[in-house]
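A.B. asks: Under this note's numbering, think of the first position of the sequence shown as 1, with each following residue one higher.
Cβ atoms here follow ideal geometry from the backbone N, Cα and C, with glycine treated the same way.
All values derive from a computational prediction rather than experimental measurement.
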Amino acid sequence: MFFSGDASARKRVDLGGRSSKERDRQVVLEEARLERQRRLWQRQQNSAALKIQKCFRGRKAVEVERSKLREQFRFTYGDDCQKVDRHCFGPDSEFLRQLLFFFNGSNKGDFTVLIETCRLMLQFLQESGDIVSLFSGVDYSSKCAIVDNRVEQLTFCCLQAVHSNRDQLKHQFLMQPTSSRMPISILLEAIVVLLNPELPWSCKVVHYITSRRGLSLLRDVLLVGVHHTKAREALQHISSLERISILIASHIRWCPRRCPEIDPRWSFSSQILSIPFLWKHFPYIKEIFKTPGVSRHYIHQMALCLNSQSNVLPDDVSHELPGFACLLGNLLEISGIILSEVDSDSNMAIEFVAVTTYLLEALPSGKLSGTEDSDPVDNEMIVDKEDAIVLSVDLERQIANAIDSRFLEHLVNALFKSLHVDYHRSSDPSHEEVAAISAICTFLHVTFNVLPLEQIMTSLAYRTELVDVLWNFIKQCHGRQTWPSFSNHIFYFLGEAPGWLLPLAVFCPVYKHILMIVDNEEFYEKEKPIPLHDIRCLIIILREALWQLLWAIPGNVPTLQRPAIINSEHKKLSMDIIKQKVRVAASELLSQLQDWNNRRAFTSPTDFNAKEAVGDNFISQAMVGNTRALDVLRQAPFLVPFNSRVKIFTSQLAATRQRNADHLAFTRNRFKIRRNRIFEDAFNQLCHLTEEELKGMIRISFINELGVEEAGIDGGGIFKDFMENVTREAFDVQYGLFKETTDHLLYPNPGSGLVHEQHLQFFHFLGSLLGKAMFEGILVDIPFASFFLSKLKQKHNYLHDLPSLDPELYRHLLFLKHHEGDISELELYFVIVNNEYGEQMEEELLPGGKNIRVTNDNVITFIHLVANHRLNFQLRQQSLHFLRGFQQLIQREWIEMFGENEIQLLISGSLEVLDVDDLRSNAHYAGGYESDHPCIQMFWEILKHLSLENKKKFLKFVTGCSRGPLLGFRYLEPKFCIQRAGPLNATEEDLDRLPTSATCMNLLKLPPYNSKEQMQSKLLYAISAEAGFDLS
């Protein structure tokens, strides 16, 4: 940087190992490459400039020639065609040739000349009645090439003229042609005349218009006419604009030869059928689709476009009216016409379903018609919310209203009525049957993601034979162990998908919906809609499918590139979404079938368990948080045997207790409870505990009837005694918080507010009490009604749950359901009378229900509203507060692993007789006792022959609970122990003492009695005294 005094240049060393010559060579090569690119770009620019100039000069020259010819034409024929006669339309005249050469629709003079030309043509036609001779003279066959070409161009020029002046003359579009001589009306009537299907050139003219993108012009004209359709609603006539559309659409009927193929972008299907609300504004166009063959042609044309890799639809009218959605709405609206055309085969119906499915699949994720149903699977797939399509309300309504019960009935009939499938055959399903199954399943799977389920499920269940069709197909394939591949029928469906996946994606939610509505008589006695022996087969299929989806099949499947007939990024038919839908639907259906089996067994409970090994390895994986194991427990817990789930549940509780103990190591909550005021004291002292404190250690000291604190230190046994006694008093129906069914099962009292002012706080406390009992593994004898246990899982109750609450009301509702007479004669209204403690209150089941009579049309709605009122609405506040307290200690995902009857076992244990042999094999001995001691031998013999009630008393005496561990005494902690209570040389005074216990240690202190009779009498006295720790 500074001069060092050395004038010589210092040698530079390149550490990269390259010489300066090499660097110079690279620079030269790079410069040469850039120079070549510059020269190439210059040549390309010059070439492009030459082409542009050539084109410009050519256009300019043509325009000059047209101007010259236009002046010559006006001199020859007059400015307004005053010198034109009928011979000017002939093939030898220059009139049409010159006009068609220089015509420009934007030129006002040319527009006027064309109008006069068309007016004269219509006038000459009216005079002679023969338009062919007007253009061809005497012999059409010798002049047909010239005549056809002129007619084609003349028709197209008329369309161009209408298009160019559409905004200025839009009020003339829908005028009746016979009563109007307006310019647009004349041009449109001329087009109608030239498109007459009886003329020899009609097919060529239509092809010429479509090949020159004329339907794009017609689309623009129709869109302008849309805004003026209201003005003609009072007029009952068909406009020329509609007649032109009909003639172009119906040309396939009378075309003497097969129409040449055209670019699908400019076809009638793409350009015209995608106009928003086409049938509303132009209702007469709809009529052409009733003509045989027309619907089939256009549906087939659209189906061929499904493989296209480019967008074949025109630009959207607006962001809220995308072309694909408008096309979908129009197709669905005329679906009744289209599907009624199915004659001897279902191919057209399959193609129609393929097209509508593809368009439905492109709709934005979420439900139409303003519904707020959310689906976590769909929501995860929404990536770019800013660019999401938002349809107009009217378009959503058009699509949603079109897929009604009549449409679904027509669709199923069209697909399957012509197949005549024999499900008793031994061969594989036919190609046509597989195609029909794939069509209906893909359509309905996508529809379930788009439309509100309630809107279509009932229609599918009761207006179609879909369940029978799908079930027979599934049963046949399962019986033969051969499932077809649907990839041959759905081009964007992955070939790796198992064959049962798609049918189950539709069958499960529909059949599940049926089970929510069907009653016990229909299911068990009438065996509708599926026989019970078939349901056993269905259970196996669902069980195997769920195990495959949740355990065996990998979660992710590579995505497939979709064709781009429309610009859509939504993939409702992606493999991951279909798998997730089947997981959820199959799990819910199998859970429902398990509930039906619990109510009245029609198969073994173990049939719901996966036959694959769910052993210690699975349990250990679930305990350490293995994702797949937890998925099985979350979505299909019934696949895992009950004992295994109990082990996982108890391990989760133990882990939570341990974490809580570490967190609150020095926290102790001690309470003094009066035995004769046990619930009152418990509520006043424990209801203020936080969730963490409830999970911690609680110690109890009892105060007896004399006001004296009972002896003993609570090491857990007194607390167990407290839990059993407080729950017994609180859940007693005499207290008024709970009522019991005819089977003596408990449920919240709907009128609890009339008994206790703070009843909701009581329910919250009772929920936390029950949760605490389960959290600590304490069994309490509280028999709940099954419908109320469902609420612990936050499940909604339905009609088939009503027998567990009110079997008499259920029988009355079934009478109404199956009544064959006129129900309105019964004078029933949509009201229900509540009678609590002599206080009657009338409640409406619907707004204005007291004025709505129950009829044969609405009786099903009435029945389900009554059931919902009794099972859900009446108890909603009590159940909600009980659940909130319960979930303070028991997490929802823990309890959801179990069914209602299994939850009852977790609460109260098994109702079976005390297994003395199990207790004996897991007992320990201390103080000089051994298993072969004579006193011990006497004890076990006495215990084995006690009554069931005395066995419960004994168990409560030594463990603090009248029921044993759910999985057996092997899991009793600490282990049951019998300790000798007296020295070896025991005196008579020692032997006169009663047996005592330490319930916190599950310890029985048994004196070494000399005789069996003495031991039995002392033992019975001790277990019946219920004297707590004061007993000695």
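1) Compute the distance between the beta-carbons of Ile978 and Tyr925, then report whether it is under 8 Å.
2) Is it the case that the Cβ atoms of Ala785 and Leu746 are separated by a distance below 8 Å?
3) Can you give me the Cβ contacts of Glu827 inside the same chain, cut-off strictly under 8 Å, excluding the 5 residues immediately before and after it?
4) Starting from the N-terminal side, write out each stretch of the alpha helix (DSSP H) that is 4 residues or longer and does not extend beyond the segment 7-93.
5) Residues in its own chain within less than 7 Å of Ile334 by CB, not counting five upstream and five downstream?
6) Which same chain residues end up closer than 6 Å to Asn556 when comparing Cβ atoms and leaving out the 5 residues on each side of it in sequence?
7) Below 6 Å CB to CB, which residues in the same chain sit around Ile248 once its five sequence neighbours on both sides are set aside?
8) Would you kindly report the start and end of the unbroken beta strand (DSSP E) that includes Val833?
9) When the Cβ atoms of the segment 859-870 are set against those of the segment 803-820, are three or more pairs found closer than 8 Å?
10) Measure the beta-carbon distance from Leu187 to Val162 and round it to whole angstroms, keeping in mind my assumption that it falls under 8 Å.
11) Considering only DSSP beta bridges, list what Cys977 is partnered with.
12) Do Glu198 and Ser240 have their C-beta atoms within less than 8 Å of each other?
13) If I'm right that Gly751 touches Ile890 with Cβ under 8 Å, what's the distance once you round it to whole angstroms?
14) In whole angstroms, give me the CA-to-CA distance for Ile553 and Glu544.
15) Is the separation between the beta-carbon of Gly753 and that of His759 shorter than 8 Å?
16) Does DSSP classify Ile903 as helix, strand or coil?
17) Rounding to the nearest angstrom, what Cα-Cα distance links Leu538 and Pro531 in this structure?
18) Excluding five sequence neighbours on each side, which residues of the same chain lie with their C-beta closer than 7 Å to the C-beta of Gln153?
19) Work out the CA separation of Leu799 and Leu304 for me, nearest whole Å.
20) Output the residue ranges of the beta strand (DSSP E) runs that lie fully inside the segment 612-689 and measure 3 residues or longer, sorted by chain position.
21) Could you give the residue range of the alpha helix (DSSP H) that holds Thr155?
22) Given this structure, state the Cα-to-Cα distance separating Ile382 from Ile535, to the nearest angstrom.
23) Going by DSSP, what residues sit across from Glu740 in a beta bridge?
24) Is Thr987 helix, strand or coil when you go by DSSP?
25) From the DSSP output, which residues share a beta bridge with Ser997?
26) Would you mind giving the Cβ-Cβ distance between Ile703 and Ile673, rounded to the nearest angstrom? I have them listed as a contact below 8 Å.
27) Are there 16 or more other CB atoms within 10 angstroms of the CB of Ile52, so buried, or fewer, so exposed?
28) Sort Leu96, Arg39 and Val958 by Cα distance to Ser997 and report the nearest one.
29) Looking at the strands, I want to know which residues DSSP matches up with Met1039.
30) Please report the distance separating the alpha-carbon of Arg645 from that of Ala654.
31) Ordered along the chain, which non-local residues of its own chain (more than five positions away) have a Cβ less than 6 Å from that of His478?
32) Flag this pair as yes or no: are the beta carbons of Leu972 and Arg963 separated by less than 8 Å?
33) The alpha helix (DSSP H) spanning Arg699 covers which residue range?
34) Taking Cβ positions, are Pro314 and Ser270 nearer each other than 8 Å?
35) Can you tell me where the alpha helix (DSSP H) holding Gln840 begins and where it ends?
36) Spell out the partners DSSP gives Leu321 in its beta bridges.
C.D. replies: For this structure:
1) Counting from 1 along the sequence shown, the entry for residue 978 is found at position 978. Counting from 1 along the sequence shown, the entry for residue 925 is found at position 925. Taking 8 Å as the Cβ cut-off, Ile978 and Tyr925 qualify as a contacting pair.
2) Your numbering for residue 785 matches position 785 in the sequence shown. Your numbering for residue 746 matches position 746 in the sequence shown. Judged by beta-carbon spacing, Leu746 lies within the 8 Å limit of Ala785, meaning their Cβ atoms are closer than that value.
3) Residue numbering aside, residue 827 sits at position 827 when the sequence shown is read from its first letter. The answer, listed in chain order, is Arg853.
4) Within the segment 7-93, the alpha helix (DSSP H) runs of at least 4 residues that lie entirely inside it are, in chain order, 20-77.
5) Along the sequence shown, one-based indexing puts residue 334 at 334. Here Ile334 has Trp279, Lys286 and Phe289 as same chain residues with Cβ atoms under 7 Å from its own Cβ, once five neighbours each way along the sequence are excluded.
6) Stepping through the sequence shown from its first residue, residue 556 is reached at position 556. At Asn556 the pLDDT is 48, less than 50, meaning the model places this residue with poor confidence and gives no usable figure here.
7) Sequence index remark: in the sequence shown, residue 248 carries index 248 (1-based). Counting only Cβ-Cβ distances below 6 Å, and skipping sequence neighbours, we find Val206.
8) Counting from 1 along the sequence shown, the entry for residue 833 is found at position 833. Residues Val831 to Glu836.
9) Between the segment 859-870 and the segment 803-820, the count of C-beta pairs closer than 8 Å reaches three or more; the two stretches touch.
10) On the sequence shown, position 187 is the one that residue 187 refers to. On the sequence shown, position 162 is the one that residue 162 refers to. Contact flag correct, Cβ pair sits at about 5 Å.
11) Taking the first residue of the sequence shown as position 1, residue 977 is located at position 977. Looking at the DSSP assignment, Cys977 forms a beta bridge with His924 and Leu1003.
12) Counting from one through the sequence shown, the residue named residue 198 turns up at place 198. Counting from one through the sequence shown, the residue named residue 240 turns up at place 240. Not closer than 8 Å, so no.
13) Taking the sequence shown and counting its residues from 1, one reaches residue 751 at position 751. Taking the sequence shown and counting its residues from 1, one reaches residue 890 at position 890. Going by Cβ atoms, the distance from Gly751 to Ile890 rounds to 27 Å, so no, they are not a contact pair.
14) Within the sequence shown, numbered from 1, the residue matching residue 553 stands at position 553. Within the sequence shown, numbered from 1, the residue matching residue 544 stands at position 544. In a straight line, the C-alpha of Ile553 is about 12 Å away from that of Glu544.
15) The residue you call residue 753 lines up with position 753 of the sequence shown. The residue you call residue 759 lines up with position 759 of the sequence shown. For Gly753 and His759, yes; Cβs fall inside 8 Å.
16) By one-based count along the sequence shown, residue 903 stands at place 903. Three-state DSSP puts Ile903 in a helix.
17) If you number the sequence shown from 1, residue 538 lands on position 538. If you number the sequence shown from 1, residue 531 lands on position 531. Cα to Cα, Leu538 sits roughly 10 Å from Pro531.
18) Sequence index remark: in the sequence shown, residue 153 carries index 153 (1-based). Listed in chain order, the non-local C-beta contacts of Gln153 below 7 Å within the same chain comprise Leu100, local neighbours out to five positions each way being set aside.
19) Along the sequence shown, read from residue 1 onward, the residue named residue 304 stands at position 304. Along the sequence shown, read from residue 1 onward, the residue named residue 799 stands at position 799. When rounded, the separation of the alpha-carbon atoms in Leu304 and Leu799 is 48 Å.
20) With a minimum length of 3 residues, the continuous beta strand (DSSP E) runs that stay inside the segment 612-689 are 669-674.
21) As a first step, residue 155 is located in the sequence shown; it is residue number 155 there, counting from the start. Here the alpha helix (DSSP H) through Thr155 covers Tyr140 to Ser164.
22) Indexing the sequence shown from 1 puts residue 382 at position 382. Indexing the sequence shown from 1 puts residue 535 at position 535. Caution is warranted here: a pLDDT of 38 is assigned to Ile382, below 50, making its placement in the model unreliable, and the coordinate value is therefore given only provisionally. One C-alpha to the other measures close to 37 Å.
23) Mapped onto the sequence shown, residue 740 falls at position 740. Looking at the DSSP assignment, Glu740 forms a beta bridge with Leu746.
24) Position 987 of the sequence shown, counted from the first residue, corresponds to residue 987. Coil at Thr987, not helix or strand.
25) As a first step, residue 997 is located in the sequence shown; it is residue number 997 there, counting from the start. BP columns for Ser997 point to Leu1004.
26) The sequence position of residue 703 within the sequence shown is 703, counting from 1. The sequence position of residue 673 within the sequence shown is 673, counting from 1. Sure, about 7 Å apart at Cβ, within 8 Å.
27) Sequence index remark: in the sequence shown, residue 52 carries index 52 (1-based). It is exposed - the Cβ of Ile52 has fewer than 16 other Cβ atoms within 10 Å.
28) Position 997 of the sequence shown holds residue 997. Ranking Leu96, Arg39 and Val958 by Cα distance to Ser997 puts Val958 first.
29) Outside the shown range of the chain (1 to 1032) lies residue 1039, about which nothing can therefore be said.
30) Within the sequence shown, the letter at position 645 stands for residue 645. Within the sequence shown, the letter at position 654 stands for residue 654. When rounded, the distance between both Cα atoms is 14 Å.
31) The residue labelled residue 478 in the question sits at position 478 within the sequence shown. Same-chain partners within the cutoff: Ile541.
32) Here the question's residue 972 lines up with position 972 in the sequence shown. Here the question's residue 963 lines up with position 963 in the sequence shown. Annotated as distal: Leu972 and Arg963, with beta-carbon spacing of 8 Å or more.
33) Looking up residue 699 in the sequence shown gives position 699. No alpha helix (DSSP H) contains Arg699, which is instead part of the beta strand (DSSP E) from Ile698 to Ile703.
34) Residue 314 sits at position 314 when you count from the first residue of the sequence shown. Residue 270 sits at position 270 when you count from the first residue of the sequence shown. Result yes, Cβ atoms of Pro314 and Ser270 sit closer than 8 Å.
35) For the purposes of this step, residue 840 is taken as residue 840 along the sequence shown, with counting starting at 1. Counting along the chain, no alpha helix (DSSP H) covers Gln840; the unbroken beta strand (DSSP E) around it starts and ends at Glu839 to Glu844.
36) Position 321 of the sequence shown holds residue 321. Answer is Ser318.
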